[in-house]
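Let me begin by presenting the structure, written as C-alpha cells, before commenting on it.
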Amino acid sequence: MAAAAIMVGLTLSWGLNYVAAKISYAGYDPVFLSVARSVIGGLCVLGWCRWRGIKLLTPDKTLVAGVVVGVLFGIEFLFLYVGLEHTTVARNTLLVNTMPFWVLVGGHFLLDERITTRKLLGLLLAFAGLVAVFSDKVGAGNGVTLTGDLLSLGAGILWALTSIVIKRSKLAETSAEKLLLYQLAGAILVGVLALPFAGPPVRDFAALPTLALLFQAVYVVAFTYVLWFWLLRRYPASGLSSFTFLSPVFGVLCGAVILNEPLTVRSFLALGLIAAGLIIVNRPARKLAPV
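Residue 86 is where the sequence shown starts when you use the working numbering, and the numbers rise one by one after that.
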C-alpha cells in the first residue's frame, strides 16, 4: 500500500515536471534550462552518493556505454525541452511517454525479446493514440507546431534507444545513481554544445520561472529519481512499472488545470488509448502452474 501511494506521488511529480518546464520558459531558454537542470540535479545526486557512501569511481567497464547513454540522454532532453516550447504539455507528455512501445519494437529486433500477442495489442493501441494526437488540429493557435510534436516524439524514441543500450551493456549491472550521473553528464555536454545555437540563456530572471527550474532540478531529478531507485531495490520492477500509465495522465490533466490548455475529445481519446496500451504492455504475464 505504501509503495502504491509513493508511486502515485512520483507519477504526479513527473507529470508536473512538464508543466514546470513550460512555466520556466518565461525566464530561461530551453537549451540553457536543460543544462542548468542537469548541473543542479547532478550536484544533489553527488551529495546523496557521498552521504550514503556510494562509490562511483570503481572500475566496472561501463565508461564507453555510459558515454553513449549520456549523449543519447542529452539529445533526448534537448528534443523534449525544445519540443515542449513549440507544443502543449498534453501533446508533449503523450508523445514522450510512447517510449515503452519503442522499447518493445527495438527489443524485438535488437534484444531477441519477442513481441507477444498481448504486447502487440498494446502497440496497436498506442499507434492509434499517436494517430489521434497528430490528427487533432485544435490548439494550433496555442503554440502547437509539427516541429514541436516531432521533437517530442523523437525524445520518446531516443529514451527507448537509451533503455536498449542500457539493457545490452554493463550499465544494467551498475548502480542506479552512477547511471543517472552518466545521463546528467551527457545532458550537460550536449546542452553546452547546443548553447551557441540557442537564444539568450536568461529571458527574465523572475521568481516563478526560477522556482520552476529548482522544482525540476532539486525535487524531480534529485529527490524523485533517488526515491524511484529506492523503490526498485525493494519491490518488483514489474509491479512498479504498472503505474507508469499515470504519468501521461497527470501530465495532460496538470497542463489543463494549471496552464489552462485546451482538452479536446481527441486528446482524451489519445490519452485513453496510450494509457491502455501502457497497462497492457506492462501487465505481468501469467505464470502457469506446474503440472
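Here a beta-carbon is modelled for each residue, glycine too, at the ideal position from N, C-alpha and C.
Just how far apart, CA to CA, sit residue i and residue j?
| i | j | result |
| --- | --- | --- |
| residue 271 | residue 336 | 25 Å |
| residue 348 | residue 87 | 32 Å |
| residue 286 | residue 237 | 21 Å |
| residue 265 | residue 312 | 13 Å |
| residue 355 | residue 194 | 27 Å |
| residue 260 | residue 282 | 34 Å |
| residue 363 | residue 215 | 13 Å |
| residue 262 | residue 133 | 9 Å |
| residue 371 | residue 310 | Here the model assigns residue 371 a pLDDT of 48, short of 50, so the residue's position is not dependable and the matter cannot be decided. |
| residue 235 | residue 330 | 21 Å |
| residue 359 | residue 213 | 8 Å |
| residue 368 | residue 131 | 34 Å |
| residue 201 | residue 277 | 42 Å |
| residue 219 | residue 198 | 29 Å |
| residue 292 | residue 178 | 25 Å |
| residue 303 | residue 353 | 31 Å |
| residue 116 | residue 90 | 34 Å |
| residue 112 | residue 288 | 5 Å |
| residue 306 | residue 127 | 8 Å |
| residue 174 | residue 189 | 25 Å |
Among all the DSSP beta bridges, which residues are the ones paired with residue i?
| i | result |
| --- | --- |
| residue 113 | 287 |
My output table needs one value for residue i: the three-state DSSP class, helix, strand or coil.
| i | result |
| --- | --- |
| residue 185 | helix |
| residue 198 | coil |
| residue 392 | Past the boundaries of the shown model lies residue 392; the chain is included only from 86 to 376, so the question cannot be answered. |
| residue 330 | coil |
| residue 239 | helix |
| residue 145 | coil |
| residue 122 | helix |
| residue 107 | helix |
| residue 345 | coil |
| residue 234 | helix |
| residue 193 | helix |
| residue 304 | helix |
| residue 260 | coil |
| residue 138 | coil |
| residue 248 | helix |
| residue 418 | Lying outside 86 to 376, the shown extent of the chain, residue 418 is not represented and no answer is given. |
| residue 368 | coil |
| residue 320 | coil |
| residue 154 | helix |
So, at 7 Å on beta carbons, what are the nonlocal neighbours of residue i in its own chain, with the 5 sequence-adjacent residues on each side left out?
| i | result |
| --- | --- |
| residue 158 | 247, 268, 271, 272 |
| residue 79 | With the chain covering 86 to 376 only, the question about residue 79 has no answer from this structure. |
| residue 153 | 250 |
| residue 150 | 250, 254, 255, 256 |
| residue 357 | none |
| residue 374 | Note that residue 374 scores 38 on pLDDT, short of 50, meaning its location in the model is unreliable; the coordinates nonetheless yield the value given after this. So the list is empty, once near-sequence residues are dropped. |
| residue 203 | 365 |
With a 10 Å radius around its C-beta and 16 neighbouring C-beta atoms as the bar for buried, classify residue i as buried or exposed.
| i | result |
| --- | --- |
| residue 345 | exposed |
| residue 140 | exposed |
| residue 342 | exposed |
| residue 146 | exposed |
| residue 258 | exposed |
| residue 122 | buried |
| residue 185 | buried |
| residue 294 | buried |
| residue 144 | exposed |
| residue 290 | exposed |
| residue 284 | exposed |
| residue 317 | exposed |
Among the residues of its own chain, which have a CB less than 6 Å from the CB of residue i, if the five just before and after it don't count?
| i | result |
| --- | --- |
| residue 297 | 105, 108, 109 |
| residue 413 | What is shown of the chain runs 86 to 376, which leaves residue 413 out entirely. |
| residue 242 | 187 |
| residue 97 | 335 |
Below 8 Å CB to CB, which residues in the same chain sit around residue i once its five sequence neighbours on both sides are set aside?
| i | result |
| --- | --- |
| residue 230 | 171, 172 |
| residue 376 | Its pLDDT being 34, under 50, residue 376 is placed unreliably in this model, and the value from its coordinates should be taken loosely. If we look at residue 376 and ignore the five residues flanking it on each side, it has no Cβ neighbours. |
| residue 299 | 125 |
| residue 120 | 272, 273, 276, 277, 280 |
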